[in-house]
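**Student:** Here you go, one structure.
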Amino acid sequence: MDTLKINKEFLESLLSQAKDNPRLRQNYDLRTCEEDKSQRMLNALMPGTKVAIHRHPNSSESVVCLCGRMDVVVYDEVVTYVQDGEDKKRKVSYNETERISLAPVEGKFGCSIPKGAWHTVEVFEPSVIFEAKDRAYGEDGSEMVL
-5 MDTLKINKEF LESLLSQAKD NPRLRQNYDL RTCEEDKSQR MLNALMPGTK
45 VAIHRHPNSS ESVVCLCGRM DVVVYDEVVT YVQDGEDKKR KVSYNETERI
95 SLAPVEGKFG CSIPKGAWHT VEVFEPSVIF EAKDRAYGED GSEMVL
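In our numbering, the protein residues as written are -5 to 140.
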């Protein structure tokens, strides 16, 4: 087994793949066996990529920015009830509560998003992040805003 070297050339290749991907992002799974149920990956993100507001109810998430510039945006869920005739309808909205700038050239390297916090990213420059959670997306109770 060859040792993976995460260097400038590797990140440039991953960013090139992200640029060519219609979603404007490209993941690289760092797990080495199927028994590993965590999430450890590199995620190359281009400006304009749309990451839905989502949360992981059963895991915090660590994010470390290797290159580029982006914000992690955290939200509160606001539930209100609106009278509609004789019925009350539940209305859910999301209020931005925190914006965490990630930019390694400015000494802003990463953050830990608390378990259950609604969040997304806004990408300003081609960026690569390392993401880690206790379980892979979808296996951790993840929910997203549609």
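Each residue gets a CB set at the ideal place from its N, CA and C atoms; glycine is no exception. None of these values were measured; they are calculated from a predicted model.
Can you list, in chain order, the residues of its chain with a C-beta nearer than 6 Å to that of V76? Leave out the 5 residues immediately preceding and following it.
**Tutor:** K83, K85
**Student:** Take S56 and list the residues in its own chain whose beta-carbon comes closer than 6 Å to its own, dropping the five residues that flank it on each side.
**Tutor:** S106, A126
**Student:** Mark T43 as exposed unless 16 or more other C-beta atoms lie within 10 angstroms of its C-beta, in which case mark it buried.
**Tutor:** Classified as buried, T43 has 16 or more neighbouring CB atoms from the shown chains inside 10 Å of its CB.
**Student:** In its own chain, which residues sit with a C-beta less than 6 Å from the C-beta of I94, not counting the 5 before and 5 after it?
**Tutor:** V66, C105
**Student:** If the criterion is Cβ atoms closer than 7 Å, does the pair S54 and P108 meet it?
**Tutor:** Contact annotation: S54 and P108 have beta-carbon atoms nearer than 7 Å.
**Student:** Using CA atoms only, rank isn't needed, just tell me which of T26, E92, L18 is closest to D(-4).
**Tutor:** T26
**Student:** Sorted by chain position, which residues of the same chain lie with C-beta nearer than 7 Å to G71's C-beta, five sequence neighbours on each side aside?
**Tutor:** Per the sequence shown, the amino acid found at residue 71 is Glu instead of Gly. Here the set comprises V86, Y88, W112.
**Student:** Do Y69 and E90 have their C-beta atoms closer together than 7 Å?
**Tutor:** yes
**Student:** Could you spell out where the alpha helix (DSSP H) holding K2 opens and where it closes?
**Tutor:** 2 to 14
**Student:** What are the boundary residues of the beta strand (DSSP E) that D(-4) is part of?
**Tutor:** Neither: D(-4) is in no beta strand (DSSP E) and is coded neither H nor E.
**Student:** Whole angstroms is fine: what's the gap from V122's alpha carbon to M64's?
**Tutor:** 10 Å
**Student:** How is V99 classed by DSSP in three states: helix, strand or coil?
**Tutor:** helix
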